[in-house]
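Novice: Below you'll find the structure I mean.
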Amino acid sequence: MAEPAVRVGLVGLGTIGTGVVRIFQEGRERIAERLGFPLELTVIADIDLETDRGVSLAEYATTRNWRELVDDPEIDLVVELVGGTGVARSIVLAALDSGKGVVTANKALLAQHGEEIFALAASKRAEIAFEGSVGGTIPVLRALREGLCADRIDSILGIVNGTCNYILTEMEERGESYEACVKRAQDLGYAEADPTFDVDGTDSAHKLSILLALAFGVRVGPDQFGVEGVERIEPVDVEYARRIGLRIKLLAVGKRGDQGIEAHVHPTMIPETSVLARVDGPMNAVEVQGLHSGPTLYYGAGAGSLPTGSAVVGDLMELARARRLGAALRVPPLGTPALREVTLARPEDLETEYYLRVAALDSPGVLSEITGALGEFGISIATVLQEERRAERAVPVVITTHTARQGSLDAAIRDIEQLAEVTRPVQVIRIERGI
Ligand code: HSE
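The opening residue of the sequence shown carries number 34 in my numbering; numbering runs sequentially from there.
The structure is reproduced here in structure tokens:
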């Protein structure tokens, strides 16, 4: 007799949901062959069942009410792909509460409500998987949870927002304004419906929060560390970086340091020869440094219907195996039974090199006032570049520093911005050379 199927209900027919449907239709036989039993998508819930998404829904039961799907005793696994943290939270909690396995790609939901969701999953002994939430198709969470589980992770450096990486790459290659690049990212469908969370660093912070849990076994919310996006980056910064052999990337960083675990999301200048500097366009990459494993790199499409859909269906297969073969919770979803609370290193104590671009009126003595303010706080200058004045009187003074404490740098910048000749806020970008 043929093996009975494990049955899946999908909530949310957006970009990723549509990709999941396509993969089920294209890969039905391959998936069944690899599992040794069929995995069937049987019910789809979405408030909009009219829009033509280019896939046939004829073979599925459909409903506008997600509760019908979650309450259906025939459904074993629920996929939440509605996004956001409102209805999505209700769906995930209700599905776990009824003992179903849950797959989601919702980083905001996990970063903000992870504690509640993982506690419920544990108490119900229900599985939850979320590979698509970080780095789209890239199996980096699985690598941290399983492949590297014996190792002490010392750092993770991630380019985890394709929209920002696309914008920075375009600025560099076309020299276009930030606004023009954002518009193109939206037209190409890389950005979220509201790109604010992409460009202001929030999306990367959500993903970093999940990476920190898996890499270090710690519970750190996205509001507990410094987050900055790419909105302030101008083509001129990209150009100056290039002149000194650096490229700007929005990096999500988690590191074991002398001051404790350090976490932040910032635009960062990194050597153009580093592997991460070569991650271009909407691609994502995460570099993990382990005590014994050394560096490992995970690279791939960080967004998109089929790439992220592939990660989601992979998670469904893992959960289906666990159910069918009786090995549920073989590996805890976060790689450890419980996360530790942790106090992160204080941002003001962190040390790095900096790039500063000061828009200053070109009057005698201004350069010495700027460098004097840095000297006052013990900040050592590595290079200074001042272009010749052209039409306008404010000329950029570009300074790179040796390693400096963030607290001292912030204090010096406050003083520099008080100078009468300084016409705009100082552009400050970190430089990380050890990448
Ligand atoms: N909008 C996200 C990005 C994709 O640009 O990377 C999914 O997380």
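Glycine is no exception: its CB is placed at the ideal position from the N, C-alpha and C atoms.
(1) What do you get for N198, buried or exposed, if any count of 16 or more other CB atoms within 10 angstroms of its CB means buried?
(2) Taking the alpha helix (DSSP H) that N198 belongs to, which residues open and close that run?
(3) Determine the direct distance from the alpha carbon of K157 to that of G359, and round the result to whole angstroms.
(4) How would you label V251, buried or exposed, when you count the other beta carbons within 10 angstroms and need 16 or more for buried?
(5) Tell me G323's beta-bridge partners as DSSP assigns them.
(6) Going by the DSSP bridge assignment, what does V44 pair with across the sheet?
(7) For C214, count neighbouring C-beta atoms within 10 Å of its own C-beta (all shown protein chains included) and say buried if the count is 16 or more, exposed if not.
(8) Quick one: complete beta strand (DSSP E) runs, 3+ long, within the segment 341-396?
(9) Note down the Cα distance separating R265 from H299, rounded to an integer number of angstroms.
(10) Please state whether DSSP places G290 in a helix, a strand or coil.
(11) Which residue comes first and which comes last in the beta strand (DSSP E) that contains P429?
(12) With distance defined between alpha-carbon atoms, name the residue in T118, A128, N139 and G323 nearest to D187.
(13) Distance, Cα to Cα, I449 vs L129?
(14) Sort E261, L74, D81 and G69 by Cα distance to G47 and report the nearest one.
(15) Does at least one heavy atom of the ligand HSE sit under 7 Å from the Cβ of T229?
(16) Quick one: give me the first and last residue of the beta strand (DSSP E) that T416 is part of.
(17) Per DSSP, which residues does H299 bridge with? Please list them.
(18) Does the beta-carbon of Q451 have 16 or more other beta-carbons within 10 angstroms, so that it is buried, or is it exposed?
(19) My output table needs one value for T118: the three-state DSSP class, helix, strand or coil.
(20) Verify whether the separation of the beta carbon atoms of T75 and R100 is less than 8 Å.
Specialist: The structure says:
(1) By the neighbour-count rule (16 or more Cβ atoms within 10 Å), N198 is buried.
(2) G195 to R207 is the span of the alpha helix (DSSP H), which, as asked, contains N198.
(3) Spanning the alpha carbons of G359 and K157 requires a straight line of approximately 15 Å.
(4) So V251 counts as buried.
(5) Note: G323 is bridge-paired with I186 and G327 in the DSSP secondary-structure output.
(6) Bridge partners of V44: A78 and E113.
(7) It is buried - the Cβ of C214 has at least 16 other Cβ atoms within 10 Å.
(8) Unbroken beta strand (DSSP E) runs of no fewer than 3 residues, entirely contained in the segment 341-396, are found at 384-394, following chain order.
(9) Rounded to whole angstroms, the gap between the alpha carbons of R265 and H299 is 11 Å.
(10) When secondary structure is reduced to three states using DSSP, G290 falls in the strand class.
(11) From DSSP, the beta strand (DSSP E) with P429 extends over A427 to T434.
(12) Among T118, A128, N139 and G323, the Cα nearest to that of D187 belongs to G323.
(13) Taking the straight line joining both Cα atoms gives about 54 Å.
(14) The shortest C-alpha separation from G47 is found at D81.
(15) T229 Cβ: outside cutoff for every heavy atom of the ligand HSE.
(16) I414 to Q419 is the extent of the beta strand (DSSP E) around T416.
(17) Beta-bridge pairing links H299 to L284.
(18) By the 10 Å Cβ count, Q451 comes out exposed.
(19) Three-state DSSP puts T118 in coil, outside helix and strand.
(20) Going by C-beta atoms, T75 is not nearer than 8 Å to R100.
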